[in-house]
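Enquirer: Shown below is the structure under consideration.
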Amino acid sequence: MPVDEPRPPRQYQDFLPADQPVQYVDTAGRATDAAARYPVPDNDRLAEMYRKMLLGRRFDQQATALTKQGRLAVYPSSRGQEACQIAAAMCLEADDWMFPTYRDSVALTARGVDPVQILSMLAGDWHCGYDPFVHRSAPQCTPLATQLLHATGVAFAEARKGTGSLALAFCGDGATSEGDFHEALNFAAVFNAPVIFLVQNNGFAISVPLARQTVAPSLAHKGVGYGIGSEQVDGNDPVAMLAVMDAAAHFVRSGAGPVIIEAHTYRIDAHTNADDATRYRTSTEVEKWLQRDPLKRLETYLRDRGALDDAAIEKITAQAETEAAQLRAGMNADRPADPADLFKYVFAEPTSQLREQHAQVVAELAAEKED
378 MPVDEPRPPR
388 QYQDFLPADQ
398 PVQYVDTAGR
408 ATDAAARYPV
418 PDNDRLAEMY
428 RKMLLGRRFD
438 QQATALTKQG
448 RLAVYPSSRG
458 QEACQIAAAM
468 CLEADDWMFP
478 TYRDSVALTA
488 RGVDPVQILS
498 MLAGDWHCGY
508 DPFVHRSAPQ
518 CTPLATQLLH
528 ATGVAFAEAR
538 KGTGSLALAF
548 CGDGATSEGD
558 FHEALNFAAV
568 FNAPVIFLVQ
578 NNGFAISVPL
588 ARQTVAPSLA
598 HKGVGYGIGS
608 EQVDGNDPVA
618 MLAVMDAAAH
628 FVRSGAGPVI
638 IEAHTYRIDA
648 HTNADDATRY
658 RTSTEVEKWL
668 QRDPLKRLET
678 YLRDRGALDD
688 AAIEKITAQA
698 ETEAAQLRAG
708 MNADRPADPA
718 DLFKYVFAEP
728 TSQLREQHAQ
738 VVAELAAEKE
748 D
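Residue numbering for the sequence shown follows the numbering used here, beginning at 378 and increasing consecutively.
In structure tokens, the structure reads:
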């Protein structure tokens, strides 16, 4: 069926959400005895996932430290959500598109983007820092849910061109309360756009708990109403997370239509370094989720299968420290700023007011130089 023709209603949906979030590894890192709903990734692939998660966590720690040193204006940590972001990046192929939010920096590291470029915008640069076309990754999006429409449009365009590429768009639970979220799902469904919507349900839209946003049985069930593939998964279970994302990518590539995945996870740190999370949640709640650490769960799982040992972990840790040092050096380097950039990229043809303001800045700089 041509992608620009509406699909007939499905008579059977083979990607309906499970009654409970899909889980293959319990909180202690031991395999559950539940039947696998999707194929389990092999140990080599999971070992690579562990490597990317450990590197991602060290990046996140270093970025958080840079805010305290005044090198970043703000940073939204993704500590505890590494399994969601790495699984998302790993299910993509080189020509696929990623549409991240402001909290998905770890996913960008797994996509191969230079960590210094990822953080450039948060350090005050006027552009996103990296080339979206080179990395097939859109600029990190701060407005809630707007990137979902962009992802849907790009996916639809790729389908019309017959490239076989898909788009993956991240969002949080708060974004599902936005109109853009529903518009994107409906457009994607009607026009069979090859797009995956990944909702990282981390419990809070800044300080608003999920219970104040919806009483739906799960956010994944919202996809059922639009007739698209839907699933929910334990977002802190790396094995289940990668299995579900792989299955979703296969489903979309087969032409079966878009998919929404809800990953149940938790934001361990505050919304950003400027937020005081103690005002709306307790330390007991945070401690409970610390016991569900995705990195530790995957480490235990892989050790039990002989796919990970101390030597391998030491090697990855050393790589993580090297990359953290490179990130510090890159962020500590002075980046020359041209004041004229304030006026260059506002209008194609500068207004009289902009020309006047530009002239004032040039005059002030010249006066300072003379002094």
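From the three backbone atoms N, C-alpha and C, an ideal C-beta is built for every residue, glycine too.
1. Kindly identify the DSSP beta-bridge partner or partners of S399.
2. Short of 7 Å in beta carbon distance, which residues of its chain neighbour V739, apart from the five on each side in sequence? Order them along the chain.
3. For G634, name the three-state secondary structure that DSSP assigns.
4. Pull up the distance between the alpha-carbon of H735 and that of P453, whole angstroms please.
5. For the alpha helix (DSSP H) that contains I645, what are its first and last residues?
6. If I measure Cβ to Cβ from R456 and keep anything under 6 Å in the same chain, skipping five residues before and after, which residues do I get?
7. Which whole-angstrom value describes the C-beta separation of C461 and A640, a residue pair presumed to lie in contact below a C-beta threshold of 8 Å?
8. If distances are taken between C-alpha atoms only, which option among C518, A484 and R488 comes closest to M498?
9. Does the Cβ of S482 have 16 or more other Cβ atoms within 10 Å, making it buried, or fewer, making it exposed?
10. Would DSSP call G549 helix, strand or coil?
11. Only counting the same chain, and skipping five residues up and downstream in sequence, which positions put a Cβ closer than 7 Å to that of T649?
12. Taking only three categories from DSSP, how would you classify E535?
13. Return the chain-ordered list of same chain residues with a C-beta closer than 7 Å to the C-beta of V621, the five sequence neighbours on each side being excluded.
14. Hey, how far is the Cα of A654 from the Cα of Q439?
15. Return the chain-ordered list of same chain residues with a C-beta closer than 6 Å to the C-beta of V572, the five sequence neighbours on each side being excluded.
16. So with Cβ pairs under 8 Å, would you call Y603 a contact of chain C?
17. Determine the closest residue to A411 out of T728, N420, M426 and A395, with distance taken between C-alpha atoms.
18. Can you check which of these residues, Y479, L667 and A684, is closest to D614 by C-alpha distance?
19. Checking the sheet assignment: what are the DSSP bridge partners for V518?
20. Less than 8 Å between the C-beta atoms of E676 and Y427, yes or no?
21. Nearest CA to the CA of D421: which residue from D472, A684 and V723?
Expert: If we stick to the structure as given:
1. Start at 1 with the first residue of the sequence shown, and residue 399 comes out as number 22. Reading the sequence as shown, one finds Val at residue 399 and not Ser. Bridge partners of V399: V610.
2. Taking the first residue of the sequence shown as position 1, residue 739 is located at position 362. Around V739, the same chain offers no residue with a beta carbon nearer than 7 Å, after the five sequence neighbours per side are excluded.
3. Indexing the sequence shown from 1 puts residue 634 at position 257. Three-state DSSP puts G634 in coil, outside helix and strand.
4. Along the sequence shown, one-based indexing puts residue 735 at 358. Along the sequence shown, one-based indexing puts residue 453 at 76. Rounded to the nearest angstrom, the gap between the Cα atoms of H735 and P453 is 34 Å.
5. As a position in the sequence shown, residue 645 is number 268, starting the count at 1. Per DSSP, I645 belongs to no alpha helix (DSSP H) and is neither H nor E.
6. Stepping through the sequence shown from its first residue, residue 456 is reached at position 79. Excluding positions up to five away in sequence, the list reads D437, I645 and D646.
7. Working through the sequence shown from its first residue, we reach residue 461 at position 84. Working through the sequence shown from its first residue, we reach residue 640 at position 263. Contact holds; Cβ gap of about 5 Å.
8. Along the sequence shown, read from residue 1 onward, the residue named residue 498 stands at position 121. Minimum Cα distance to M498 is reached at C518.
9. Mapped onto the sequence shown, residue 482 falls at position 105. By the neighbour-count criterion, in which a residue is buried when 16 or more other Cβ atoms sit within 10 angstroms of its Cβ, S482 is buried.
10. Here residue 549 refers to the residue found at position 172 of the sequence shown. Residue state, collapsed to three classes: strand.
11. Looking up residue 649 in the sequence shown gives position 272. Closer than 7 Å at Cβ, skipping near neighbours: V451, Y452 and P453.
12. By 1-based counting over the sequence shown, the position of residue 535 is 158. E535 falls in the helix class under three-state DSSP.
13. In the sequence shown, counting from the first residue as 1, residue 621 sits at position 244. Taking V621 as the centre and dropping the five residues before and after it, the same chain places the C-beta of V399, Y415, E608, V610 and I638 closer than 7 Å to its C-beta, in chain order.
14. Position 277 of the sequence shown holds residue 654. Position 62 of the sequence shown holds residue 439. The alpha-carbon atoms of A654 and Q439 are separated by roughly 20 Å.
15. Along the sequence shown, one-based indexing puts residue 572 at 195. Only A528, T529, A532, A544, A565 and P635 meet the Cβ criterion.
16. Looking at the structure shown, chain C is missing, and only one protein chain is on hand.
17. Translated into the one-based positions of the sequence shown, residue 411 becomes position 34. From the listed residues T728, N420, M426 and A395, the smallest Cα separation to A411 is found for A395.
18. Position 237 of the sequence shown, counting from 1, holds the residue named residue 614. Residue L667 is the option with its Cα nearest to D614.
19. Translated into the one-based positions of the sequence shown, residue 518 becomes position 141. Per the sequence shown, residue 518 should be read as Cys rather than Val. According to DSSP, C518 bridges with T478.
20. Position 299 of the sequence shown, counting from 1, holds the residue named residue 676. Position 50 of the sequence shown, counting from 1, holds the residue named residue 427. In this structure, Y427 lies closer than 8 Å to E676 by Cβ.
21. Sequence index remark: in the sequence shown, residue 421 carries index 44 (1-based). Comparing Cα-Cα distances from D421 to each of D472, A684 and V723, the minimum goes to A684.
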